[in-house]
Each structure stands twice: as structure tokens, then as C-alpha cells.
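Residues 867 to 1033 (the numbering used here) make up the sequence shown, in order.
Notes follow the structure.
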Amino acid sequence: MPQRLHRHPTELPPDNAPSLREIFFFRFYGWENPAEYTSFPPPSYIPEGYTLYDLQIATVWNETYGHYTTVGETLRYVRNDTIQNASTTDMTLLGISWSKYGYNPHTRDQIVTREPKPVDIRGYPGRIYETESDRLIAWAVAGNATYYVRGSLDRDELIRVARSIVC
867 MPQRLHRHPT
877 ELPPDNAPSL
887 REIFFFRFYG
897 WENPAEYTSF
907 PPPSYIPEGY
917 TLYDLQIATV
927 WNETYGHYTT
937 VGETLRYVRN
947 DTIQNASTTD
957 MTLLGISWSK
967 YGYNPHTRDQ
977 IVTREPKPVD
987 IRGYPGRIYE
997 TESDRLIAWA
1007 VAGNATYYVR
1017 GSLDRDELIR
1027 VARSIVC
């Protein structure tokens, strides 16, 4: 079972989401199956050299039911040759996420300052944002869930990861 590391409050994008949430972090140690812990199917393809690192679960307080409701999750994989770095900011990460409220990149996110290109993800229209060092693929599915895959992989590898998610 993954270890619960910590939680902290943060803000969701203000357009259509509740303003307060909690984020829970679970650290994996290599033997766990991420499908046992996520609300979405993890990708069936992860490039060689990457290891499952952690799961972030975003929640909002549901006044009606008196408990937290999950509104998004991110599985993060780390490239093995960077896993010994002191912090995740120094690691090379591959993130696979879903969100109930869609992908709404923050204005500080430099990747979305570029014009996206269309990409097909298992029959769903998506967009791929690219910089010299980072790529983000975002696509929406029925039920208003948005999925995205982000990392420094080349374009074809990132698309292969995205297409391996059955949503």
C-alpha cells in the first residue's frame, strides 16, 4: 500500500470549480498496481526507464454529503536516472491525470503560450502543446472528464502513452 506523505490546501481554477480543495500525496515503492488506487485507468504503456513514483488526489469538500469528493488525480512516473535527486523539481517526471473540471493551465504555465496542435486520442479530439523541452496532451471524454499527459518525452512517445489510457 502506498504511504500517505502529506496534504495541503490549494486553490482550483476559479472558472467552474470550488475554490478550496485538499491534495493528498501517496508515494509508491514499485510493487503496487496503480489501478488499485486510482479512479481512472492508468496507461498500459509507460516508456522504458520510468518508474511509478506517486499519486496526487485532488478533493473538494462536499457540503451535501459531509465529506471530501475526488475531483482529479495525477499519477507521476519518474525517469530512473533522476530518481535520486533531492526533490521532484529536479526529477524528470511523466504525469498522467484526469480532472472533473478540465485542464485549465495557470497563466504562469509557459507551455500553453504556444498554439496547440490537434491530436486524436482513441477517437477523442485532443490538443498537444509543445515547447522545446516539454509537451502536454489534453483531451475531454464523455462525462466532462478531461485527461492529460505531460512530460519531456518526444511527441510520438507521449502520444503513445496517452493512447494507452482507456477512458
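Yeah, the Cβ is synthetic: ideal placement off N, Cα and C, and Gly gets one too.
Quiz prompt | Close-in-space but distant-in-sequence residues of the same chain around P991 (CB under 7 Å, 5 per side omitted) | solution = Translated into positions along the sequence shown, residue 991 becomes position 125. Once the five neighbours on either side are set aside, the close Cβ partners of P991 are P984, W1005.
Practice problem: Kindly indicate the opening and closing residues of the alpha helix (DSSP H) around D956. | Solution: Within the sequence shown, the letter at position 90 stands for residue 956. First-last for D956: undefined, no H or E at that position.
Self-check item: Spatial distance of T948 from T958 (CA atoms)
Solution: Walking along the sequence shown from the start, residue 948 turns up at place 82. Walking along the sequence shown from the start, residue 958 turns up at place 92. When rounded, the distance between both Cα atoms is 6 Å.
Exercise. Take the Cβ of A1008 as the centre, count every other Cβ of all protein chains shown within 10 Å, and call the residue buried at 16 or more, exposed below.
Key: The residue labelled residue 1008 in the question sits at position 142 within the sequence shown. Label assigned to A1008: exposed.
Exercise. Helix, strand or coil for D1022, going by three-state DSSP, please let me know.
Key: Position 156 of the sequence shown, counting from 1, holds the residue named residue 1022. Correct three-state label for D1022: helix.
Self-check item: Of the listed residues D1022, Y895, T1012, nearest to I962 (C-alpha basis)
Solution: Translated into positions along the sequence shown, residue 962 becomes position 96. Checking every option, the nearest Cα to that of I962 belongs to T1012.
Exercise. Alpha carbon to alpha carbon, how far is Y934 from Y943? Give it in angstroms, no decimals.
Key: Position 77 of the sequence shown, counted from the first residue, corresponds to residue 943. Position 68 of the sequence shown, counted from the first residue, corresponds to residue 934. So the alpha carbons of these two residues sit roughly 26 Å apart.
Quiz item: Does the beta-carbon distance from L921 to Y903 come in below 7 Å?
Solution: Here the question's residue 921 lines up with position 55 in the sequence shown. Here the question's residue 903 lines up with position 37 in the sequence shown. Result yes, Cβ atoms of L921 and Y903 sit closer than 7 Å.
Quiz prompt | C-beta contact flag for S1030 and P909 at 7 Å | solution = Locating residue 1030 in the sequence shown gives position 164, where the first residue counts as 1. Locating residue 909 in the sequence shown gives position 43, where the first residue counts as 1. Yes; because the gap between Cβ atoms is below 7 Å, this pair is in contact.
Exercise. Look up F891 in the DSSP assignment and give the residues it is bridged to.
Key: Looking up residue 891 in the sequence shown gives position 25. Bridge partners of F891: Q922.
Self-check item: Counted within 10 angstroms of its Cβ, other Cβ atoms place V926 as buried (16 or more) or exposed
Solution: Here residue 926 corresponds to residue number 60 of the sequence shown, with the count starting at 1. Its Cβ being crowded by 16 or more others within 10 Å, V926 is buried.
Quiz item: Is A901 buried or exposed, if buried means 16 or more other CB atoms sit within 10 Å of its CB?
Solution: Residue 901 sits at position 35 when you count from the first residue of the sequence shown. It counts as exposed.
Exercise. Pick out whichever of K966, W964, S965, R945 has its Cα sitting closest to the Cα of D956.
Key: Start at 1 with the first residue of the sequence shown, and residue 956 comes out as number 90. Answer by Cα proximity: R945.
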